[in-house]
Amino acid sequence: MTPAAPFVPDGSGNLRGEMSQPQAISLDEVAAIADEIQELIDAGEERSAWNLIRKLHPADMGSIIAGLPRTSRDAMIRIMSPETVAWMLRQMNPIQAGRVGRRLGSRLLSSVLSQIQPQQALATLRRLPVRRARRVTELLEQPLATEEILAHAPGTAGALMVSRFPTVMRDGRVEEARDSLKALDRQGPKSTHVLVTDDGGNLVGQISMIELALVEDATPVSAIATPVVATVTKDTPAEECARLERHYNLTQLSVIERGRLIGVILAESLLGATVEHDTRQMQQVANVAGEGVDAPLSSSIRIRLPWLTLNLATTFLAAATVSLFESTLAQVVVLAAFLPVVAGQGGIGGTQTLTLIVRAIALGELVGISARRLLTREAVLGLVHGVWLGVLVAAIAILWKQNVGLGIVLGLAMLGNMLIVGSVGAGVPLFLRRIGLDPAVASAVIVTTVTDVFGFLLFLGIASAAINLIR
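Following the numbering used here, the residues of the sequence shown are numbered contiguously, the last one being 1060.
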């Protein structure tokens, strides 16, 4: 099958051919097009499928191709030339480019990586499985011109930075800053600032592109340069880079070594680090960190099964709690019907508080807020919620079972459990952080166990004490 002609940017930055004006579309439209493309491929009309997808923005094109089943994806890749794939990856953000890259063959990917920006090529390579990444590296015709970046550990500022960026001396003029920009080719890194250095290469300031465009060539650099808000070293974790980007609203981040400027982390890499950090935090709460929807089954089993096994152990703890009250349940069997009510509401309340606290920890929103204040707030919320839910479940139990005693016991148990879960949901992640453990990893299992155990203890304990009132 003859590959489709590539569509790549020309010297002016515009695209040649039918893809010159790709427009943004909604996720629903992307999904509808993906379904249509799959139907065309199933019918053996790969050329028609390509004619449909080629008109899309590269980000949408990559999303659709990455989401196709393997046979369908391979059919589309065979129709696309390496130049077209390279152009698509070059226009995508690093996160999505990595997802597409993981699903391409080693030989095709090695050809693609030799044609895209080194930083984006490196970002794609680092997201591949180790064996695939080594194979792709071996197949590269020319090594990536990023030896100094390849030496840095993944997940650090050094791995995210680029080594080509515009600079100007602090005693220079705006004309020299513009000349530094012109020295970078159109396909080079897209900086948002020209960095100002002294004679020793030390970072002393920066000039925004907007400011640079509004002044005359003869304007001294010192007249428009502004201080650099934040810098990092090459060993700074990517999570910290993401925090700085979010907290200080940065568009790029300078990397220094003993004061000397050695690299810059651009906006797209900062965004990628932020997305990865937030995604990892969200996955860790559910104990699926490192897993993707298109990950191999073996990988998903390895990630999920240990936590499912641990959770099974905690459920037996809850079951053991219930077994302590077998005699009470034997006397009033109707109590068993309401066990999920108390435990379920406690679990939801604890998860709500836990999610809020873990998010606040990840975003640095707890600065200046004491643990006592936070625990008091969540306890008050638990009390308010418990009063309302307690009255509500008591009324339902009375109307349903015509048993006032059962309603009172259930209402009191609900009140007590909601009061406890508010404090536990906030206290567990705070305690784990205090002792140096990641709150996102272990909090969910602990909170769920505590809410179940205390919910059963309260409900069945109160029922045992008031058995004569219920019967």
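Heads up, the beta-carbon is just placed ideally off N, CA and C, and yes, glycines get one too.
Separation of L645 from N1006, as counted between CA atoms: Roughly 53 Å between the two C-alpha positions.
Would you call the region 786-803 and the region 739-751 in contact, with 3 or more CB pairs under 8 Å? Counting Cβ pairs under 8 Å, fewer than three are found: no touch.
Whole runs of the alpha helix (DSSP H) within the region 957-1032, excluding any shorter than 4 residues: The qualifying runs are 960-990, 993-1023.
Along the beta strand (DSSP E) that carries V619, what are the first and last residues, could you check? First-last for V619: 616-631, but that is the alpha helix (DSSP H), not the beta strand (DSSP E).
Looking at the structure shown, is Q841 part of a helix, part of a strand, or coil, going by DSSP? In the displayed model, Q841 falls within coil according to three-state DSSP, outside both helix and strand.
Using three-state DSSP, classify Q795 as helix, strand or coil. Looking at Q795 - three-state DSSP - the assignment turns out to be strand.
Identify every residue that forms a DSSP beta bridge with T745. When DSSP reads this structure, T745 sits in a beta bridge with P826.
In three-state terms, what does DSSP make of R753? Secondary structure of R753 (DSSP, three-state): coil.
Is it true that the CB of L792 sits closer than 8 Å to the CB of R767? The Cβ atoms of R767 and L792 lie no closer than 8 Å to each other.
Residues near L1046 in its chain [Cβ-Cβ closer than 8 Å; skip 5 each side]: Only T910 meet the Cβ criterion.
Proximity below 8 Å, CB of L970 to CB of G1011: Cβ atoms of L970 and G1011: closer than 8 Å.
Using a Cβ cut-off of 8 Å (strictly closer), state whether L1019 contacts chain B. Note that chain B does not occur in the displayed structure, where there is just one protein chain.
In the structure shown, what three-state DSSP assignment does T781 receive? In the structure shown, T781 falls within a coil segment according to DSSP collapsed to helix, strand and coil.
Range of the contiguous beta strand (DSSP E) that encloses G852: Residues 849-854.
Minimum C-alpha distance to D806 - residue among L702, E765, S912: Ranking L702, E765, S912 by Cα distance to D806 puts E765 first.
Can you give me the start and stop residues for the alpha helix (DSSP H) that S637 sits inside? S637: member of the alpha helix (DSSP H) spanning 635-642, first to last residue.
Residues bridged to T820 by DSSP? According to the DSSP secondary-structure assignment, T820 is paired through a beta bridge with S843.
Whole angstroms are fine: how far does the CA of T965 sit from the CA of A620? Spanning the two alpha carbons is a distance of roughly 46 Å.
Report yes or no: do three or more beta-carbon pairs, one from the region 851-861 and one from the region 777-786, lie closer than 8 Å? Taking 8 Å as the limit for Cβ pairs, the verdict is that the region 777-786 does touch the region 851-861.
Return yes when the Cβ of I614 is within less than 8 Å of the Cβ of I653, no when it is not. At a Cβ-Cβ threshold of 8 Å, I653 and I614 do not count as neighbours.
Uninterrupted alpha helix (DSSP H) stretches inside the region 882-936 (no shorter than 4 residues): Counting only runs of 4 or more, we get 886-912, 915-920.
Tell me where the alpha helix (DSSP H) around V804 begins and ends. V804: not part of any alpha helix (DSSP H); DSSP gives it neither H nor E.
Terminal residues of the alpha helix (DSSP H) in which A664 lies: Start and end: 659-668.
Find out if the Cβ-Cβ distance for the pair V810, R759 is shorter than 8 Å. Yes, the Cβ-Cβ distance between V810 and R759 is below 8 Å.
Smallest Cα separation from V751: which of S700, L859, A907, A648? Scanning S700, L859, A907, A648 for the CA closest to the CA of V751 turns up L859.
Of all the options S1053, V674, T786, I845, which has the alpha carbon lying nearest to the alpha carbon of T815? By alpha-carbon distance to T815, the top candidate from S1053, V674, T786, I845 is T786.
Is it the case that the region 901-917 contacts the region 971-980, given that we only count it when at least three CB pairs across the two stretches are under 8 Å? Output reads no: the region 901-917 does not touch the region 971-980.
Can you tell which of L999, S695, H836 has its C-alpha closest to the C-alpha of P671? Cα-wise, what sits closest to P671 is S695.
Taking C-alpha atoms, which residue in E727, A675, V725 lies nearest to Q704? Of the candidates E727, A675, V725, the one whose C-alpha sits nearest the C-alpha of Q704 is A675.
Pairwise C-alpha distance: I642 and A686: Their backbone Cα atoms lie some 17 Å apart in a straight line.
Helix, strand or coil at R762 [DSSP, three-state]: If DSSP states are grouped into helix, strand and coil, R762 belongs with the strands.
Using the C-alpha atoms, what's the distance from R667 back to Q841? C-alpha separation (whole angstroms): 37 Å.
What does a CB cutoff of less than 8 Å around S637 pick up in its chain, not counting 5 residues either side in sequence? Close CB contacts of S637 within its chain, under the 8 Å cut and outside five residues either way in sequence, are with L629 (chain order).
State the CB to CB distance for the pair V1036 and L955, rounded to an integer number of angstroms; the pair is presumed to be in contact (CB under 8 Å). About 18 Å separates the two Cβ atoms, so there is no contact after all.
When the Cα atoms are used, what is the spatial distance from R692 to A655? Those two C-alpha atoms are separated by around 7 Å.
The alpha helix (DSSP H) that contains E651, what's its start and end? It should be noted that the sequence gives Gly, not Glu, for residue 651. Per DSSP, the unbroken alpha helix (DSSP H) holding G651 starts and ends at 647-656.
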